[in-house]
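Worksheet: the structure to be examined is printed underneath.
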Amino acid sequence: MQKSLRDRPVSATSSIRGRAWGVAARAALGLSVIGLVVAGCTQQAPTATPTVTPSATETAPPAPSLLPEGTAAENLPFFDAVNTATIAANPAAGGQAIIDGLVAAGFPKAEMEVSSDTTSIGDPADSIQFSIRWQGSCILGQNGPATGYHSSVVPLLGTGRCLVGATRPIDW
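With our numbering as the guide, the letters of the sequence shown map in order to residues 23 to 194.
This is the structure:
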């Protein structure tokens, strides 16, 4: 009569080996199940491709313009625009070119002052200064190779002028 596997005598080592294999098999099976569960949880849904909605066409701010009733500060952007255009067209622009550009843009020539294009010994000036009296204030500009272009609005001097020192007549 044949003995079944259950009825066979089992040695201590074979019993331990059998249990170890059983534990290992169950652990492997458990890890496989966990791996499948985790893999199922970490699957990412397809991402939607963002669509670009065209926005309203952005318009550039309007170019500055002369504001005859505006303050000196309100007219400074236009003063700057006129002068930078004059200088862009002629980087060596002197006082007459600057004044002519401002007059052509509508600023009153009678309210302007300009310094000399040359020094007292006849050399080219490092920079020239020019101004417009405007409603009790001064719109000042300065340009030259030593300084570049700069502008500001300042109070009118006690003399009623904008520039200190000798200025050249604007007689053209």
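Note that the Cβ used here is the ideal one computed from N, Cα and C, for glycine as well.
query: Contact under 8 Å by Cβ, A95 with C160; result: no
query: C-beta contact flag for I150 and M134 at 8 Å; result: no
query: Residue closest to P83, alpha-carbon to alpha-carbon, out of P99, I192, S142, E91; result: P99
query: Burial state of A85 (16 or more Cβ within 10 Å); result: exposed
query: Integer Cβ distance of I109 from A103, believed to fall under 8 Å; result: Actually they are not in contact, since the Cβ atoms of I109 and A103 sit about 11 Å apart, beyond 8 Å.
query: Closest Cα partner of S142 within the set W194, G187, I192; result: G187
query: Residues near A111 in its chain [Cβ-Cβ closer than 8 Å; skip 5 each side]; result: none
query: Other residues of its chain near V175: CB distance less than 6 Å, five sequence neighbours each side excluded; result: A94, A95, L98, S159, I161
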